[in-house]
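J.: Count along the sequence shown from 1, then add 4; that gives the number in this note's numbering. For every residue, glycine included, the Cβ atom is placed at its ideal position computed from N, Cα and C. Questions regarding the structure given below will be posed in turn.
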Amino acid sequence: MAKLPRAPDAVRLRRTTPSLKTITGLRLHRIYERGGRYPTLWNAFRHIGPVSRFDHHMRRGDERPTYQERGILYAALDVPTAFAEFFQRNRRINRSLRQPWLVSFALPAEVRLLNLTDTFCIRVGASAKLVTGPFLHAQNWSRGFYEAYHEVQVLYCRSSLTNRPTIALYERADKPSMFPGNPFFHRALADPTLHKALVSTSVEIGFGLI
């Protein structure tokens with residue numbers, strides 16, 4: 005059975021050559037909320053954490069998420085995976101709750117990406133459980149990657165739901181040249197013109213639709 009240590013060996017990480025790729029024009033898709041208690045923007049990094057799997061925010065003594073300089077933004081390389089990741093808790097696509105929007109865009113700038121889908125994970129003592137194991141473990145590993153490889157801007161991995169590519173951008177990628185002025189698709193899920201596409205997506209990933 006594959007194992008995932010609670011945290012990486014910092015010395016081993018520094019001694020291991022990272023599996024890096026340099027990519028320009030990466031096309032991404034994500035869903036974000038314009039309403040609710042924590043409204044945000046389509047290209048805004050979340051600086052409150054740690055909350056999600058690869059959050060590299062520092063963990064405070066009381067373990068409550070706090071606002072920090074470290075920030076993260078999650079996205080998928082295909083639309084169905086973006087929906088699966090965002091609505092995974094209830095496995096139901098809700099078109100109106102907290103005003104969810106779908107945005108699709110390409111990163112015009114060059115990014116340095118750490119590939120977590122090849123043998124690099126094994127070489128540093130981890131495994132594919134980075135995407136299926138406890139959040140706490142994955143967060144510890146993300147902090148390790150962030151601190152050992154200062155050139156890394158993006159983690160490239162596979163969704164535990166669809167087995168398709170997803171990414172996590174560190175705040176190192178948050179600069180004016182990184183995001184386009186306008187995304188090539190940007191629309192509220194409640195928009196009637198998206199109805200057929202949402203029905204198709206819900207069928208593909210097996211989620212409900214309301």
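DSSP beta-bridge partners for Val107?
T.: Against the sequence shown, residue 107 aligns to sequence position 103. Answer is Arg34, His190, bridged to Val107.
J.: Can you check DSSP and say which residues form a bridge with Thr28?
T.: The count along the sequence shown starts at 1 and reaches residue 28 at position 24. Beta-bridge pairing links Thr28 to Glu114.
J.: Exposed or buried, Arg38, counting other C-beta atoms within 10 Å across all chains shown (16 or more means buried)?
T.: Within the sequence shown, numbered from 1, the residue matching residue 38 stands at position 34. With fewer than 16 other Cβ atoms within 10 Å, it is exposed.
J.: Using the Cα positions of Arg95 and Val55, report the straight-line distance between them to the nearest angstrom.
T.: For the purposes of this step, residue 95 is taken as the residue at position 91 of the sequence shown. For the purposes of this step, residue 55 is taken as the residue at position 51 of the sequence shown. Cα to Cα, the separation comes out at about 19 Å.
J.: Please confirm whether Arg127 and Val156 have their CB atoms less than 7 Å apart.
T.: Taking the first residue of the sequence shown as position 1, residue 127 is located at position 123. Taking the first residue of the sequence shown as position 1, residue 156 is located at position 152. Contact: no.
J.: Given this structure, state the Cα-to-Cα distance separating Pro184 from Leu106, to the nearest angstrom.
T.: Looking up residue 184 in the sequence shown gives position 180. Looking up residue 106 in the sequence shown gives position 102. Rounded to the nearest angstrom, the two C-alpha atoms are 16 Å apart.
J.: So within the stretch 154–202, which uninterrupted beta strand (DSSP E) runs reach at least 3 residues, ignoring any that extend past its ends?
T.: Every unbroken stretch of the beta strand (DSSP E) spanning 3 or more residues and falling wholly within the stretch 154–202 is given here in chain order: 158–162, 169–174, 189–192.
J.: Within this structure, are the beta carbons of Ile97 and Phe189 separated by less than 7 Å?
T.: As a first step, residue 97 must be located in the sequence shown, where it is residue number 93. As a first step, residue 189 must be located in the sequence shown, where it is residue number 185. No, Cβ-Cβ distance for Ile97 and Phe189 is not below 7 Å.
J.: Please state the DSSP three-state secondary structure of Tyr78.
T.: As a working mapping, residue 78 is identified with position 74 in the sequence shown. Three-state DSSP puts Tyr78 in a strand.
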